[in-house]
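Protein chains in written order, with my numbering: chain A, 1 to 195; chain B, 1001 to 1469. C-beta: ideal position from N, C-alpha, C; glycine also. Treat the numbers as computed from the prediction; the structure is a model and nothing was measured. Inspection log for the structure reproduced underneath, given as structure tokens.
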Amino acid sequence: MEAFVTHTGTAAPLRRSNVDTDQIIPAEYLKRITRHGFEDGLFSSWRKDSDFVLNRSEYQGVSILVAGPDFGTGSSREHAVWALQDFGFKVVISSRYADIFRGNSGKGGLLTAVVDQSLVEQIWELIEADPATPVTVDLEAREVRVGDLVAPFEVDDYVRWRLMAGLDDIGITLQYADEISAFEATRPSYKPTTK
Amino acid sequence: MGRTLAEKVWEAHVVRQAEGEPDLLYIDLHLVHEVTSPQAFDGLRSAGRPVRRPDLTLATEDHNTPTIDIDKPIADPISRAQLEALRANCAEFGVPIYSLGNPEQGIVHVVGPQLGLTQPGMTVVCGDSHTSTHGAFGALAFGIGTSEVEHVLATQTLPLKPFKTMAITVEGELPVGVTAKDVTLAIIAKIGTGGGQGYVLEYRGSAIRGLSMEGRMTLCNMSIEAGARAGMVAPDETTFEYLKGRDHAPTGADWDAAVEWWSTLPSDADAVYDAEVFLDAATLSPFVTWGTNPGQGLPLSGNVPSPADAVDEVDRVAIEGALAYMDLTPGMPLRDIKVDTVFVGSCTNGRIEDLRAVADVLKGRKVAPSVRMLVVPGSVRVKKQAEAEGLNVIISEAGAEWREAGCSMCLAMNPDKLKPGERSASTSNRNFEGRQGPGGRTHLVSPAVAAATAVTGHLAAPADLASAS
Ligand code: SF4
């Protein structure tokens, strides 16, 4: 997993609340056998509308999604995080998230920044006025900067540490590879193998 | 203070323990099938990680596999893609695999035990909730999600939060005709589908000791239907007897060393459980489900319940919903429920003793003309054993279909499905709406009840037949 300290990119405003994981990626995409390539399923029903924000020319290449409250509710599918990442998102900004979605994001390396709704409104106005405005998400300082606006955000300490170190769950466990090897050396010879 | 079986197994696998963090547990056996593994392998590939211990990993094809014409290409493109992905992944990462057509192929939870791979005191995981089956050997065995599958493939460990323990004690002798399936359905009806949440269940007592290994597997298999992640039975002579001589069981001095350790695993006399449940074996009888979750079950001699019997509002809504979906009338005797399909198989009841029980009932009898009966062995080995005993002849002569091994109508991912409105008596483990096909209705039953039901065309126990024949 890539380490995340600061990220600067352009942002898309998603002026909707209660965006559930069925809207982020519908169930029909769950039958796939790959871990990547879910970008076509992201918000697929909304993207049928040419006016949907992610279809508009001024928001092509965005890497930050600024959404309304209660983002990521509904089914626990890990694919919702994968789809956002595959589309190119590095950060989601919202005032509130569903717990499971947030947990899955932390595991997958997608930053979910909790920003006050009044500041979310201000960010929306700035990126709507000028979609090319660079938005900086500084995980070290825990703040989002857009032009003159500085919006502090909350993030779980443990998730922040993991993102900054670029470690996923497996990466963390592999730090203890020596302990795993030491344990393996003590396993009795009667334990079966599948060979 | 004494320790429970589950605690002993847990402690024997702790790789790392740190304040405020989950324990890192070593995994002795990782079973893999085609549905929950493709993305895990894909994740390894994109991170450039190998499988740490392919020699502690075993793959088999089961969920999607057809049960007829297995030498022909698989028609459904998604099933085919998943099977092909598993084969390619196993080849790339060096994981042993039993593919369709291999003499060791079968349902993952039938294959592990019959090879002697599941042994007392082991930690066993699989991307499948019915991994609890393996707890019958005194192993700590539970299902995991796709990202955990990837984690185990890469590290052979899992970070886990501690669980609570629940003792389920069944004392006494089971009446004639009462099987492990009836015991498990009675337990789930008693504690509810959420009753085991957060617990590892340990089944104890003289009635459990008296069960065969296959019966214990049936019992542990459905622990998940009570909301528990795992169920266990302490290893004893029955366990050792079952294991001795199996392909992957230890031999010689290793066998002696293993038995010595296994014998230390049963819960200490002064061990304390977080919860305890008692059942009197003598009060149990053949059990069937009438509703749409495995906790909605009653003795076969009972009647369909009424929403008026509900204990609270939530229960009332649940009963009403289930009756509507199942198209049943309150007060109707369960024995009057007519079925058009009977399914024998699954990781719950697809083993040789289950097929023997079915053949016992079907011998010299015929499946009712209104009923279609499918018998699907849990593995190729079980199928061959049954054929060697002539069970397939009895089953076919009775008019049932004798199929190839796989999950089949347990979850209807392959072509074996109920049509909308069809009703089955099924030896599987889940009676959720649409589980056996969209709009299909499922009554969970034991193999003996399934066979008797096939003969009469309505829910019945073998004892009901004796007088008729
Ligand atoms: S038989 Fe049914 S419950 Fe068992 S592994 Fe297969 S699909 Fe799952």
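| Item | Value |
| --- | --- |
| So what does DSSP say about A:G41, is it helix, strand or coil? | helix |
| Grab the span of the beta strand (DSSP E) containing B:M1166 for me, first residue to last. | 1164-1171 |
| Could you tell me the alpha carbon to alpha carbon distance between B:I1395 and B:V1376, rounded to whole angstroms? | 11 angstroms |
| Is B:L1044 near ligand 1, going by C-beta to nearest heavy atom under 7 angstroms? | no |
| Rounded to whole angstroms, how far is the Cβ of A:T8 from the Cβ of A:V135, which I believe are closer than 8 angstroms? | 7 angstroms |
| So what does DSSP say about A:I123, is it helix, strand or coil? | helix |
| According to DSSP, is B:K1338 part of a helix, a strand, or is it coil? | strand |
| Do B:V1125 and B:T1060 count as a contact pair if the criterion is CB distance below 8 angstroms? | no |
| So what's B:A1040 in DSSP terms, helix, strand or just coil? | helix |
| Tell me, to the nearest whole angstrom, how far the beta carbon of B:G1138 is from that of B:T1239; I am working on the premise that it is less than 8 angstroms. | 7 angstroms |
| Give every residue of the same chain whose Cβ lies closer than 6 angstroms to the Cβ of B:V1367, excluding the five residues on either side of it in the sequence, and list them in chain order. | M1373, A1398, G1399, A1400, A1454 |
| Please state if the CB of B:I1352 and the CB of B:L1279 are separated by a distance shorter than 8 angstroms. | no |
| Name the one or two DSSP bridge partners that A:V146 has. | A:V135, A:L149 |
| Taking buried to mean at least 16 other C-beta atoms within 10 Å of its own C-beta, is A:R154 buried or exposed? | Sequence check: residue 154 of chain A is Glu here, not Arg. The residue in question, A:E154, is exposed, as its Cβ has fewer than 16 Cβ neighbours within 10 Å. |
| Out of curiosity, what's the CA-to-CA distance linking A:H79 and B:T1118? | 32 angstroms |
| For the region 1144-1163 of chain B, which residues have a CB atom closer than 8 angstroms to at least one CB atom of chain A, in sequence order? | G1145, T1146, S1147, E1150, H1151, A1154, T1155, Q1156, T1157, P1159 |
| Specify, as a first and last residue, the run of the beta strand (DSSP E) that B:S1424 falls within. | 1423-1426 |
| Using a Cβ-based criterion (distance less than 7 angstroms to any ligand heavy atom), does B:S1223 qualify as near ligand 1? | no |
| Note down the Cα distance separating B:I1027 from A:I170, rounded to an integer number of angstroms. | 15 angstroms |
| Check whether the Cβ of B:C1407 sits closer than 7 angstroms to any heavy atom of ligand 1, and report yes or no. | yes |
| Which same chain residues end up closer than 7 angstroms to B:G1331 when comparing Cβ atoms and leaving out the 5 residues on each side of it in sequence? | N1303, V1304, S1306 |
| Rounded C-beta distance between A:V33 and B:Q1082? I'm assuming under 8 angstroms. | Note that residue 33 of chain A corresponds to Ile in the displayed sequence, not to Val. Correct: roughly 6 angstroms between the Cβ atoms. |
| Sorry if obvious, but does the Cβ on B:D1354 come closer than 7 angstroms to a heavy atom of ligand 1? | no |
| Does ligand 1 have a heavy atom nearer than 7 angstroms to the CB of B:I1107? | yes |
| Closest to A:D99 by CA distance: which of A:R35, A:D70, A:D40 is it? | A:D70 |
| Report the residues of the region 1087-1119 of chain B with a CB closer than 9 angstroms to any CB of chain A, ordered along the chain. | V1095, P1096, L1115, G1116, L1117, T1118, Q1119 |
| Am I right that A:T112 and A:S63 are in contact with their C-beta atoms under 8 angstroms? What's the rounded C-beta distance? | About 14 angstroms separates the two Cβ atoms, so there is no contact after all. |
| Is the region 1212-1221 of chain B touching the region 1306-1326 of chain B, taking contact as three or more C-beta pairs under 8 angstroms? | no |
| When the Cβ atoms of the region 1150-1170 of chain B are set against those of the region 1048-1062 of chain B, are three or more pairs found closer than 8 angstroms? | yes |
| To be precise: take each residue of the region 105-124 of chain A, compare its Cβ to all Cβ atoms of chain B, and keep it if any distance is under 9 angstroms. Which residues remain? | K107, G108 |
| Within this structure, are the beta carbons of B:M1413 and B:S1079 separated by less than 8 angstroms? | yes |
| B:A1468 to B:Y1273, Cα distance in whole Å? | Low confidence applies here, because B:A1468 scores a pLDDT of 48, under 50, leaving its location unreliable and the question unanswered by this model. |
| Applying the criterion that 16 or more other CB atoms from any shown protein chain within 10 Å of the CB defines a buried residue, is A:G72 buried or exposed? | buried |
| Would you decide whether B:W1262 is buried or exposed? Buried here means 16 or more other CB atoms lie within 10 Å of its CB. | buried |
| So with CB distances below 8 angstroms, who are the chain A contacts of B:H1248? | P192, T193, T194 |
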